[in-house]
Every structure is written in structure tokens, then in C-alpha cells.
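K.L.:
Questions regarding the structure given below will be posed in turn.
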């Protein structure tokens, strides 16, 4: 495997870290700026909305320059955004920094996947793409917990400064190791947009929003929930995030394994179990051992939905999957933003730090209902899910992460 993949993996590691590390640092950020926890939750919402709008926008803009140049520009945005967050004198400035960094997220993974695949022989493309996404996986197991520990020990600003430094390493690596590649052919936007006339595409994206939103409703406010309700010390949040990350890795592998075998049944099981576990979290959050187990399960069940949800979108938009893939990456983050906002509302309304778990359970249950509706409409139409093979299948695998 070429060393260029290491540069892409470092970039993915930094992006994954900055997206999720804020969950463990919300109390510290809120305290420094003198804002409430729900208000601090806008840092999650703002980032997610930035990814939602930035993914398709940057993907289209990326067709105007070479892929290497676009990847370098995206890492530049990432660095600027995290430095702005680290140095922000006011909460509003930090929110702007989060949004700037988020614009790099979706397009980096989309374009980076294409570059990774082109760097190796045809029979090694999946392995190359997997190696790049290893950076995102490791971020959730190592980067986020360590970033949380650093933030709680020496200050959250140091965490974002370190993440910006990772971006610099990724940028230098891309500049030196990724070869120049020709500018991609222009995107036929009208053809790509036509995929969104398909009701099944819209239903699949709605499942993405609600299903993954269920996870973030609970995880966004995990730090105040665990410290104020469960009784964990601030430092314990780090290890709880490790459990969430390990659950995420396992669930993602399981979801990917079964998505090709039985996609809809996999969605029924994972979404249904996720709704139940999130509802139970309102009870298990009062016990340290049970809450730790529940957090791992939320990570596993939540990320078990990612491969089948992404594949469902690409199956239904098989004629024009490029933009649909980018928009679905945004849909995951729309779910993040929606759930973080709703979770903040119920906390602000006085229902307590466990109330977001009920929000998450309702969102996951809504996604399950949409899955049943989608399958029913498909049976009524008498058209089976599109089975994508060959080159299209390889393209799908490049987008089975947000």
C-alpha cells in the first residue's frame, strides 16, 4: 500500500477527532464562555449543518480543480477552522470555527476515497479505501478519548490546537505523498439531481437522518449525563467514550458484513434494538456499570445502521450515485444536528439530562417505521431493491462512512 494512504488516514483521523471530541468537552466549553449546556450543544449542531451543506457543495466545487489540490484546500479549511476554535475569544467565534472546519468533512471522505482507489491496483481498491477510513475509526477509539482527557486536564483549547496540528501533518503528507491526478470530468448536475425524484431515495435519506440522529441525541450530552446523573468523575468520560468507540467499530463491521446479505432485515433489527436501548438508557444512566454497557451498545447498534443505510441510498440512486452519496453524508449530520437541538430543548425545558435518551428512542423508532414503509412501497410496486455489482459496488464501498 502506498504511503499516500497514510496521509489520507491522518486527515481522516483529525476530522473524526474534531467531530466527536466536543461531546466530552461540552461542560468545560460552556463553563468558560458562561453559556448553558444546551447552548453549547449548538457547537455540535453547527458542525453537523456545515457538513450537511458543505458535502455536496464542496463535492461539486471539487470538479473544477485536481483532486490533490482539492484535498489540500479541504485540509486548509480544516486547519483554519480548528485554529479559530482554539483561539476563539467568544462563543460565537468558536461556533464559526466549527462551521469552517465542518466544510471539509464530507468532501474529504468522498474525494479521498476516489484517490485512495486510484492509487492501487484494481484488486486492492477496497483495501486501500479501508486503510484511509481506518483513520476515522481510530479517531473514535483513540483520538476522541485522548482529546477529551487533554481537554479536561489542560484545557479544551489545547485539544483543538492539537487537532489543527494533525491537520498540518495531513496537509504536508498530501502535498508530498499524493501524486498529481487529472481534474475529474464535469458533473452533470441535472442528471444527478434527477435521483432525488425517487421516493425510495428520499425515504432512505430520511431513515439516515432519524436513525443516526437517535445515537447523537444521547451521545451529544453524554458528559453532563454521566457526571451529574450517574456520578462518574469528569475523567471517567474519557473511558466511556472509549467504550462508545469500541462499540462503534464492532457495530460498523457487523453492519457491513450483513448489509449485502439481508439489508432490510439488518435495518429492522438494528433500528429496533437501538430504539429499545436508548429508551432503557433513561433507567440505566443511574447505574455506573449498566450505563457503561449501554453506551457500548448504543455505539454498536447505531453504527451497525451506517453501512446498510448508505448502501440503501446508493442502491436506490444507482443511476446517479455521486451526489446522492455526498448528500447522504450530509443526512447523517442533519440527524446529528436535529438530535443535538432537540436534546438541548428537553434539557432546557427542565426534563433533566436523561431526557435526550427519549428523544433518541423516538427518532430511532421513526426510522424503523420508515424502513417498514419503504419495504411496503417496494413490495407494492413489485420492484426489488437494485443490486449493484462490479464498479458500482466498489463506488458504494467508498461511501459507507460519514
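Residue numbers (the working numbering): -8 to 393.
The beta-carbon is built from N, C-alpha and C at its ideal position, and this holds for glycine as well.
Can you give me the start and stop residues for the alpha helix (DSSP H) that residue 171 sits inside?
P.N.:
Counting along the chain, residue 171 falls outside any alpha helix (DSSP H), and DSSP gives it neither H nor E.
K.L.:
Which one of 5, 21, 260 has the shortest CA to CA distance from residue 300?
P.N.:
Here the closest residue by C-alpha is 260.
K.L.:
Quick check: residue 276 and residue 355, are their CB atoms within less than 7 angstroms of each other?
P.N.:
It is not a contact, given that the beta carbons lie outside the stated cut-off.
K.L.:
Out of 279, 193, 294, 73, which one is the CA nearest neighbour of residue 249?
P.N.:
For residue 249, the nearest C-alpha among the options comes from 294.
K.L.:
Taking all protein chains shown into account, do 16 or more other C-beta atoms lie within 10 angstroms of the C-beta of residue 109, making it buried, or fewer, making it exposed?
P.N.:
Burial call: exposed.
K.L.:
What residue from 159, 290, 342 has the CA that sits closest to residue 131's CA?
P.N.:
Comparing Cα positions, the closest option is 290.
K.L.:
Looking only at its chain, what residues have a beta carbon closer than 6 angstroms to the beta carbon of residue 395, apart from the 5 residues adjacent to it on each side?
P.N.:
Residue 395 falls outside the range modelled here, since the chain spans only -8 to 393, and no answer is possible.
K.L.:
For residue -7, name the three-state secondary structure that DSSP assigns.
P.N.:
Residue -7 falls in the coil class under three-state DSSP.
K.L.:
Any idea if residue 170 is buried or exposed, counting beta-carbon neighbours within 10 angstroms, 16 or more meaning buried?
P.N.:
Counting Cβ neighbours within 10 Å, residue 170 comes out exposed, since fewer than 16 surround it.
K.L.:
Can you find the residues in the same chain that come closer than 8 angstroms, C-beta to C-beta, to residue 172, ignoring five residues on each side of it along the sequence?
P.N.:
Counting only Cβ-Cβ distances below 8 angstroms, and skipping sequence neighbours, we find 57, 58, 59, 106, 109.
K.L.:
Excluding five sequence neighbours on each side, which residues of the same chain lie with their C-beta closer than 8 angstroms to the C-beta of residue 321?
P.N.:
Around residue 321: 42, 43, 44, 45, 46, 47, 97.
K.L.:
Would residue 306 be called buried (16 or more neighbouring beta carbons within 10 Å of its own) or exposed?
P.N.:
The residue is buried, with at least 16 neighbouring Cβ atoms inside 10 Å.
K.L.:
If you reduce the DSSP assignment to three classes, tell me which class residue 23 lands in.
P.N.:
It is helical.
K.L.:
Here's the rule I'm using: 16 or more other beta-carbon atoms within 10 Å means buried, otherwise exposed. How should residue 145 be labelled?
P.N.:
It counts as exposed.
K.L.:
What does the alpha-carbon distance come out to for the pair residue 302 and residue 371?
P.N.:
If you take the alpha carbons of residue 302 and residue 371, they lie about 21 angstroms apart.
K.L.:
Secondary structure at residue 225, three-state DSSP: helix, strand or coil?
P.N.:
Coil.
K.L.:
Take residue 128 as the anchor and find which of 1, 285, 341 has the nearest alpha-carbon.
P.N.:
Minimum Cα distance to residue 128 is reached at 1.
K.L.:
Measure the C-alpha to C-alpha separation of residue -4 and residue 339 and round it to an integer number of angstroms.
P.N.:
If I take the Cα positions, the gap works out to 44 angstroms.
K.L.:
Comparing C-alpha positions only, which one of 99, 304, 268 sits nearest to residue 4?
P.N.:
Answer by Cα proximity: 99.
K.L.:
Between which residues of its own chain and residue 15 is the CB-CB distance below 8 angstroms, once the five residues before and five after are set aside?
P.N.:
Closer than 8 angstroms at the Cβ level, and outside the excluded window around residue 15, lie 135, 136, 138, 139, 142, 143, 213, 214, 228, 229, 232.
K.L.:
Check for me: the alpha helix (DSSP H) holding residue 277 runs from which residue to which?
P.N.:
No alpha helix (DSSP H) contains residue 277, which DSSP labels as neither H nor E.
K.L.:
If I measure Cβ to Cβ from residue 75 and keep anything under 7 angstroms in the same chain, skipping five residues before and after, which residues do I get?
P.N.:
So the qualifying residues of the chain are 84, 87, 88, 91.
K.L.:
Evaluate residue 80 with the Cβ neighbour count: other Cβ atoms within 10 Å of its Cβ, from every protein chain shown; 16 or more gives buried, anything less gives exposed.
P.N.:
Exposed is the call here.
K.L.:
Given 8 angstroms as the limit, is there contact between the segment 215 to 224 and the segment 332 to 347, that is, 3 or more CB pairs closer than that?
P.N.:
A contact exists between the segment 215 to 224 and the segment 332 to 347.
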